[in-house]
Ligand SMILES: [Zn+2]
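Residue numbers (my numbering): 1408 to 1451.
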């Protein structure tokens, strides 16, 4: 049972960086499993 929509989103599992373990704010559809600090941008 979902009490309200807020609780529904709160129960969603947060993405966590696989390197440092910090939580990741999803800003892109396909985001890496690491946070910005741990993500090496090699394409540039
Ligand atoms: Zn990290």
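Ideal Cβ placement from N, Cα and C applies to all residues, glycine included.
Distance, residue j Cα to residue i Cα
i: residue 1432; j: residue 1422; result: 7 Å
i: residue 1420; j: residue 1447; result: 24 Å
i: residue 1412; j: residue 1443; result: 29 Å
i: residue 1418; j: residue 1440; result: 19 Å
Residues of its chain near residue i, where Cβ-Cβ distance is below 6 Å and the 5 sequence neighbours each way are ignored
i: residue 1427; result: 1445
i: residue 1429; result: 1442
Cutoff 7 Å; reference residue i; Cβ partners in own chain excluding five residues on either side
i: residue 1425; result: 1440 and 1441
I need the residues with a C-beta less than 6 Å from some heavy atom of ligand 1; please give them in chain order. 1424, 1426, 1427, 1429, 1441, 1442, 1444 and 1445
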